[in-house]
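Asks:
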Amino acid sequence: MFSPAQNIGQSVEDEMGDVIRYERSAVQSTNDCYIETDDRPEISITASYASESQIEDETRRSKPIPKPKRHHIELNDLCPAGSTISKAKTNKVSRVCAKKSKRANYSNWSYRQVPPNILSLLRFDHYPSQEPLILPSENGIQQTYQNALSNQLTSTKNSYEVETGIDQLDPDVSNTRQPLSLGSNKEQRPRRGRRPRLKQTTQIDEAEINYDIQITPLPQIHFGPHIDVVSQSNDIPYSDTLTEPIPFNPVDSEAINPMKPRNQPPVWADSRQELCEALPYYRSFQSGLYMHKRSAFGYLLEAYPAPRDVWAHNGKVVISHGGGQCIRTTDSDGKPGPAALQADQSRSDARVDTLLRAHERRTPIVLIAGKGYDGLPWELDCAYIVLGWYWISLTWVEAEEAPSGVRPPEGRSYFHRYKIRFDWVVSQGEPWWINRSQESDITTIPAEDSESDVEVNFKEGSSLTALPSDHECIITEQPIKPFQTPSKSSTESQAYQKSKIHELAEHLSQSPKLRTESLLNTGTMSEKADTGSDTLNLSAWTASISDCDQTPKCYRSHWPGQNSLSTPLPTLIVTDGLLRQSNFNASSICTSCHHSIWQIYQEGLICFQSDCELFFKIIYPDRHDFVTITPKTTLTYNRNFLEPIPTPPEVQIPYDVRPSDPVEIAPETDEINGEVNGRTLWKGWVCKKCGRANCRFRWEVWECRNCGDTLAPIAQSSIILRKDLPMHIIPFLGDSKIDLNSGITSSMKWLEEIKCLCVVYELPFAGRVYHLMQPDLKLADDLLEEYQVAANEGGWFQRRPLKAVSLRTQIHYDMKGQFLAQHFAVNFGASYKYQVDTLSYPFEKAPKCVLMSLSLLTQRVQMILGENIGYNEILSVMYREGQKMSWHDDGEAGLGPVVSSLSLGNQAVMSFRTKTPRTNLNKGFYSGISEPKHIPPTALSFTLSHGDIMIMQGREIQKRYDHKVVPMGFRIASTARVIDER
Ligand SMILES: O=C(O)CCC(=O)C(=O)O
Numbered sequence: 001m002f003s004p005a006q007n008i009g010q011s012v013e014d015e016m017g018d019v020i021r022y023e024r025s026a027v028q029s030t031n032d033c034y035i036e037t038d039d040r041p042e043i044s045i046t047a048s049y050a051s052e053s054q055i056e057d058e059t060r061r062s063k064p065i066p067k068p069k070r071h072h073i074e075l076n077d078l079c080p081a082g083s084t085i086s087k088a089k090t091n092k093v094s095r096v097c098a099k100k101s102k103r104a105n106y107s108n109w110s111y112r113q114v115p116p117n118i119l120s121l122l123r124f125d126h127y128p129s130q131e132p133l134i135l136p137s138e139n140g141i142q143q144t145y146q147n148a149l150s151n152q153l154t155s156t157k158n159s160y161e162v163e164t165g166i167d168q169l170d171p172d173v174s175n176t177r178q179p180l181s182l183g184s185n186k187e188q189r190p191r192r193g194r195r196p197r198l199k200q201t202t203q204i205d206e207a208e209i210n211y212d213i214q215i216t217p218l219p220q221i222h223f224g225p226h227i228d229v230v231s232q233s234n235d236i237p238y239s240d241t242l243t244e245p246i247p248f249n250p251v252d253s254e255a256i257n258p259m260k261p262r263n264q265p266p267v268w269a270d271s272r273q274e275l276c277e278a279l280p281y282y283r284s285f286q287s288g289l290y291m292h293k294r295s296a297f298g299y300l301l302e303a304y305p306a307p308r309d310v311w312a313h314n315g316k317v318v319i320s321h322g323g324g325q326c327i328r329t330t331d332s333d334g335k336p337g338p339a340a341l342q343a344d345q346s347r348s349d350a351r352v353d354t355l356l357r358a359h360e361r362r363t364p365i366v367l368i369a370g371k372g373y374d375g376l377p378w379e380l381d382c383a384y385i386v387l388g389w390y391w392i393s394l395t396w397v398e399a400e401e402a403p404s405g406v407r408p409p410e411g412r413s414y415f416h417r418y419k420i421r422f423d424w425v426v427s428q429g430e431p432w433w434i435n436r437s438q439e440s441d442i443t444t445i446p447a448e449d450s451e452s453d454v455e456v457n458f459k460e461g462s463s464l465t466a467l468p469s470d471h472e473c474i475i476t477e478q479p480i481k482p483f484q485t486p487s488k489s490s491t492e493s494q495a496y497q498k499s500k501i502h503e504l505a506e507h508l509s510q511s512p513k514l515r516t517e518s519l520l521n522t523g524t525m526s527e528k529a530d531t532g533s534d535t536l537n538l539s540a541w542t543a544s545i546s547d548c549d550q551t552p553k554c555y556r557s558h559w560p561g562q563n564s565l566s567t568p569l570p571t572l573i574v575t576d577g578l579l580r581q582s583n584f585n586a587s588s589i590c591t592s593c594h595h596s597i598w599q600i601y602q603e604g605l606i607c608f609q610s611d612c613e614l615f616f617k618i619i620y621p622d623r624h625d626f627v628t629i630t631p632k633t634t635l636t637y638n639r640n641f642l643e644p645i646p647t648p649p650e651v652q653i654p655y656d657v658r659p660s661d662p663v664e665i666a667p668e669t670d671e672i673n674g675e676v677n678g679r680t681l682w683k684g685w686v687c688k689k690c691g692r693a694n695c696r697f698r699w700e701v702w703e704c705r706n707c708g709d710t711l712a713p714i715a716q717s718s719i720i721l722r723k724d725l726p727m728h729i730i731p732f733l734g735d736s737k738i739d740l741n742s743g744i745t746s747s748m749k750w751l752e753e754i755k756c757l758c759v760v761y762e763l764p765f766a767g768r769v770y771h772l773m774q775p776d777l778k779l780a781d782d783l784l785e786e787y788q789v790a791a792n793e794g795g796w797f798q799r800r801p802l803k804a805v806s807l808r809t810q811i812h813y814d815m816k817g818q819f820l821a822q823h824f825a826v827n828f829g830a831s832y833k834y835q836v837d838t839l840s841y842p843f844e845k846a847p848k849c850v851l852m853s854l855s856l857l858t859q860r861v862q863m864i865l866g867e868n869i870g871y872n873e874i875l876s877v878m879y880r881e882g883q884k885m886s887w888h889d890d891g892e893a894g895l896g897p898v899v900s901s902l903s904l905g906n907q908a909v910m911s912f913r914t915k916t917p918r919t920n921l922n923k924g925f926y927s928g929i930s931e932p933k934h935i936p937p938t939a940l941s942f943t944l945s946h947g948d949i950m951i952m953q954g955r956e957i958q959k960r961y962d963h964k965v966v967p968m969g970f971r972i973a974s975t976a977r978v979i980d981e982r
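Numbering (UniProt numbering), first residue to last: 1 to 982.
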């Protein structure tokens, strides 16, 4: 499921972390009403209706929808003279109801700006009903609700008129149960200027209006007694669609894998969602880096490593790659290969910039390892473990061969790849995974030529074990000692360096690995080296570097474009306080760009400045020469370079990797009091007992899916009543908006029997959506409470797993572990398992509130559509703040044409948009086959309030449209369907 398009014209990240750009569209209010003002102000509402047969007739798809007929209604004495009407969005006063013939457009008005007497007429909120609604009670005796409507309309009866374009209502129309409709469509909108004056005003008696609404008996549903799910847990395996807990016990498996860490990780998870919901420092579903406002928080080591990624010193030093621009490659068998660059990584990329900032500012960052990460020397029993805090000690740029079919920038065959070196933050103590037996294997090597007394641990062979096997990072059995560049003024050191260079040259001359074929780099400078033998002959590498001119500038003018140097290369000494403390304390200067060169690889000095012409070339100062590094070149890490660097004092750990319990941050009751962002109350947590990061999957309690430990069960008394909800502005006619290009038209229906207003939206070639605004909220209030009682008792409401493949988009959610839907849901009746694997329980087991909702929906649908739908399924969903149901359709095979839902609690915006053709996709974690060619604009949206009912009529709606529901806080919705299970 995708995140909603809320911000038209903006790019937003969807819940999967994908950036979606929402296109601008002409969104208009459907409430194309205007006010005529004079001494006796009145409201005129353009209205339209269409024949019911437009919906019923399946063949209509091939026929154009008949043009709606129109009625105009004038509601007199509603807008007192002098009241100011302004547009909500622009705050621009559009009309003052003071002068005759002036009209105001209601488009996009908010409640505050609509005269209250108009609202009360159209919305009828909070008026007690005279019509009883009969619902079943626990003991089977029918309960009478004093439903809806007072004489409110009657009291205003004489104060409204219906102005029609025809003298009387069309008999066809009244027969098709659409006697009176209000609304607008685009044909009715005056293009500009004044609207046409309405011609005739007819006072209509209520008796004249043929509403043609029949009340039918309640559906024949067997209402069994309420069954407590907890006491019947054997019968109702409420969690059987969720994965069985996988106990994580590294100690058990240690016998099999001696490298297994003895200790448990501080935090581990079985799905990416658990990580993202439980950890404040890792909320990225797709990217390997979690950042916010260019601050890095968490970094995930996962599958698809880049060349020369390293896990060294038992994980105290980790070298990885960052910065995106990767595509997933596959081998000849179609198996996933390494991630290959498809563009240069550069600082202009937010991820690269964020990592570089973390390096520059010494900001610590949490490293997490995933099961696919080759660097770990042991197999993970779970999907992810949190390693701990690291700091970025060095970053550099390398050249990486462009994959076949991808064109790098002109003049080269490679892309720029950032390498990031992470060092363990020592204030945490030893890494949790290092156990004693491993420690005894570690050889302590005194830091050579180090000015400090720091000693570093280097376990012989451990890096070899840990390095990704198929990469070219090799710690040789007996690594040669790297040359050490002396301090600037020291001739002694220069002599030392010279000897080291000889040593290295000797080593390299024996190495068959350094070859020059298949050039990676191109350019004029490479020719000489290219024409040489495959194996480098470094015997001539004897020039004295002490002869070097120490002024880099003088070489700069000679260097570019020449095959050899006229003067010897300088080797300037750069000292870095941090690096000097470790064994890796030497560096040189690139003769071309004059930047420091760290001796990262044994093979020689390499410039890592991507804009330098010596970039990623091995420089031979004495020969005034260089060698191009090819994709086949084996680069071997300088052993000293891999040694851990002591943590600088400014690297401070800001918080524990195991976050505090959510209840410590936000007690459950805070949602009621509105004192906390409700997200805290449904996001994940880390079990203190076993360290598992959990999603909150139960409504009533935090429960660990590994050890079953629970946290902060909701008290039965924690019930949110309507009076506790934040005061929302009551939307005028549902505050609906219709995209002018959508072809959707709207009309209004008055349900006299229940004194209820119903806005009807005609979706071209698809069907109708009815929005019923119920005036009597007594039943809705009771249901709001009852649902919470049932939910708090436990077991019913859970976040259920989404299917791995979206039936709608065919996108495969290539995520580790399960992916739970956001909302808490329970299904009764036929099993409804379209996108979310929702377990279904028989109606007999349903709590009373569910049956009452089903009954109410059945009754209302019967009133509006005139048929008993015979619903056999009801899905009840509870949303906490921040939860939503993203774009989807309800198009399960066997789904009946009429779907209806009841809204309780906070308001929600329901939106519809057309489906679009899709293109092939090979992106990020979606390994699926399609993505939308473009995001269609929202065609229709309206606000559902407490007690409102929405009906979708027409199977084609599910085929042609997606819908989404975005609540504005705690909300409950019950959706009834007919599902043919055959
Ligand atoms: O939350 C709602 O109002 C409707 C939920 C919905 O769209 C569905 O169940 O398919």
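For every residue, glycine included, the Cβ atom is placed at its ideal position computed from N, Cα and C.
1) Return the residue from the list H823, G734, K749, L721 that minimises the CA-CA distance to A780.
2) In angstroms with no decimal places, state the Cα-to-Cα distance between M910 and L944.
3) For a test of the three-state rule: what should DSSP assign to L725, helix, strand or coil?
4) Shortest alpha-carbon distance to V877 belongs to which of N827, D962, Q859?
5) Pick helix, strand or coil for G905, following the three-state DSSP scheme.
6) Does the segment 380-392 come within contact of the segment 363-371, defined as at least 3 CB pairs closer than 8 Å?
7) If I follow the unbroken beta strand (DSSP E) through S746, where does it start and stop?
8) How would you write the range of the alpha helix (DSSP H) that H359 sits in, first residue to last?
9) To which residues of the same chain is I246 closer than 8 Å at the C-beta, ignoring the five residues directly before and after it?
10) Less than 8 Å between the CB of H771 and some heavy atom of ligand 1, yes or no?
11) For Y601, which residues does DSSP report across the bridge?
12) Using alpha carbons as the reference points, say which of V899, W682, A402 lies closest to R955.
13) Please tell me whether, using a cut-off of 8 Å, the distance from the CB of T858 to the nearest non-hydrogen atom of ligand 2 is below it.
14) Using the C-alpha atoms, what's the distance from W598 back to Y555?
15) Put P662 into one of helix, strand or coil per three-state DSSP.
16) Closer than 8 Å to a non-hydrogen atom of ligand 1 - does that hold for the CB of P967?
17) Taking only three categories from DSSP, how would you classify M968?
18) Does the segment 791-800 touch the segment 854-861, meaning 3 or more C-beta pairs lie closer than 8 Å?
19) Out of curiosity, what's the CA-to-CA distance linking V978 and A846?
20) Looking only at C-alpha atoms, which of L279, R696, A973, P266 sits nearest to E786?
21) For E703, which of helix, strand or coil comes out of DSSP?
22) If you draw a straight line from the C-alpha of L394 to the C-alpha of I420, how long is it?
23) With 16 other CB atoms within 10 Å as the buried threshold, where does R580 fall?
24) Alpha carbon to alpha carbon, how far is F819 from N694?
25) Is any heavy atom of ligand 1 found at a distance shorter than 8 Å from the C-beta of S901?
26) With a threshold of 8 Å, are at least 3 pairs of Cβ atoms found where one atom belongs to the segment 319-326 and the other to the segment 343-360?
27) Would you say residue 999 touches ligand 1, meaning its beta carbon is less than 8 Å from a heavy atom?
28) Find the nearest neighbour of R262 within the set E844, N435, G767, G882, judged by alpha-carbon distance.
29) Express the C-alpha separation of P713 and L851 in angstroms, rounding to a whole number.
30) Apply the 10 Å Cβ neighbour rule to T916 and answer buried if 16 or more other Cβ atoms are within range, or exposed otherwise.
31) Ignore the nearest five residues each way along the sequence and tell me which others in G969's own chain have a CB closer than 6 Å to its CB.
32) Contact between the segment 349-357 and the segment 294-310 is defined here as three or more beta-carbon pairs at a separation below 8 Å; is this criterion met?
33) So Q953 and Y832 are supposed to be a Cβ contact under 8 Å. How far apart are they, rounded?
34) DSSP three-state label for S853, please.
35) Provide the residue span of the alpha helix (DSSP H) that contains C276, from first to last.
36) Under 8 Å: do the segment 640-649 and the segment 423-431 share three or more Cβ pairs, one atom per stretch?
Replies: On the basis of the data shown:
1) Here the question's residue 780 lines up with position 780 in the sequence shown. Ranking the options by Cα distance to A780, first place goes to L721.
2) Here residue 910 refers to the residue found at position 910 of the sequence shown. Here residue 944 refers to the residue found at position 944 of the sequence shown. Computed Cα separation, rounded: 7 Å.
3) The residue labelled residue 725 in the question sits at position 725 within the sequence shown. Three-state result, L725: coil.
4) As a position in the sequence shown, residue 877 is number 877, starting the count at 1. Answer by Cα proximity: N827.
5) Your numbering for residue 905 matches position 905 in the sequence shown. Here G905 sits in strand by DSSP.
6) yes
7) Working through the sequence shown from its first residue, we reach residue 746 at position 746. First-last of the beta strand (DSSP E) with S746: 745-751.
8) Position 359 of the sequence shown, counted from the first residue, corresponds to residue 359. It spans 350-361 - the alpha helix (DSSP H) in which H359 sits, taken as one unbroken run.
9) Locating residue 246 in the sequence shown gives position 246, counting from the first residue. Here I246 scores only 35 on pLDDT, less than 50, and its place in the model is too uncertain to base an answer on.
10) Here residue 771 is taken as the residue at index 771 of the sequence shown, counted from 1. No - ligand 1 has no heavy atom lying nearer than 8 Å to the Cβ of H771.
11) For the purposes of this step, residue 601 is taken as residue 601 along the sequence shown, with counting starting at 1. DSSP output for Y601 lists Y637 as bridge partner(s).
12) For the purposes of this step, residue 955 is taken as residue 955 along the sequence shown, with counting starting at 1. Closest option to R955, Cα to Cα, is V899.
13) With respect to small molecules bound, the structure shown includes ligand 1 and not ligand 2.
14) One-based indexing of the sequence shown puts residue 555 at position 555. One-based indexing of the sequence shown puts residue 598 at position 598. Only weak support exists for where Y555 lies, its pLDDT of 23 falling under 50; the coordinates are left without a value.
15) Sequence index remark: in the sequence shown, residue 662 carries index 662 (1-based). Note: P662 maps to helix in three-state DSSP.
16) Reading the sequence shown from its first residue, position 967 is the one you call residue 967. It does: the Cβ of P967 is within 8 Å (strictly closer) of some heavy atom of ligand 1.
17) Sequence index remark: in the sequence shown, residue 968 carries index 968 (1-based). Coil.
18) no
19) By 1-based counting over the sequence shown, the position of residue 978 is 978. By 1-based counting over the sequence shown, the position of residue 846 is 846. Between V978 and A846, the C-alpha separation is close to 17 Å.
20) The residue labelled residue 786 in the question sits at position 786 within the sequence shown. Nearest C-alpha to E786: A973.
21) Within the sequence shown, numbered from 1, the residue matching residue 703 stands at position 703. The answer is strand: DSSP assigns E703 an E or B state.
22) In the sequence shown, the residue the question calls residue 394 occupies position 394. In the sequence shown, the residue the question calls residue 420 occupies position 420. C-alpha separation (whole angstroms): 6 Å.
23) Position 580 of the sequence shown, counting from 1, holds the residue named residue 580. Since pLDDT at R580 reaches only 39, below the 50 mark, its modelled position is unreliable, and no value is offered.
24) Locating residue 819 in the sequence shown gives position 819, where the first residue counts as 1. Locating residue 694 in the sequence shown gives position 694, where the first residue counts as 1. Spanning the two alpha carbons is a distance of roughly 12 Å.
25) As a first step, residue 901 must be located in the sequence shown, where it is residue number 901. Yes; taking the cut-off as 8 Å, the Cβ of S901 has a heavy atom of ligand 1 nearer than that.
26) yes
27) The chain is shown only over 1 to 982; residue 999 falls outside these bounds and no answer can be derived.
28) Taking the first residue of the sequence shown as 1, we reach residue 262 at position 262. That would be N435, whose Cα lies nearest to the Cα of R262.
29) Residue numbering aside, residue 851 sits at position 851 when the sequence shown is read from its first letter. Residue numbering aside, residue 713 sits at position 713 when the sequence shown is read from its first letter. Distance between the alpha carbons of L851 and P713: 26 Å.
30) For the purposes of this step, residue 916 is taken as the residue at position 916 of the sequence shown. Under this definition T916 is an exposed residue.
31) On the sequence shown, position 969 is the one that residue 969 refers to. Only E881, N906 meet the Cβ criterion.
32) yes
33) Working through the sequence shown from its first residue, we reach residue 953 at position 953. Working through the sequence shown from its first residue, we reach residue 832 at position 832. The Cβ separation is near 18 Å, so there is no contact.
34) Your numbering for residue 853 matches position 853 in the sequence shown. Note: S853 maps to helix in three-state DSSP.
35) Residue numbering aside, residue 276 sits at position 276 when the sequence shown is read from its first letter. It spans 272-278 - the alpha helix (DSSP H) in which C276 sits, taken as one unbroken run.
36) yes
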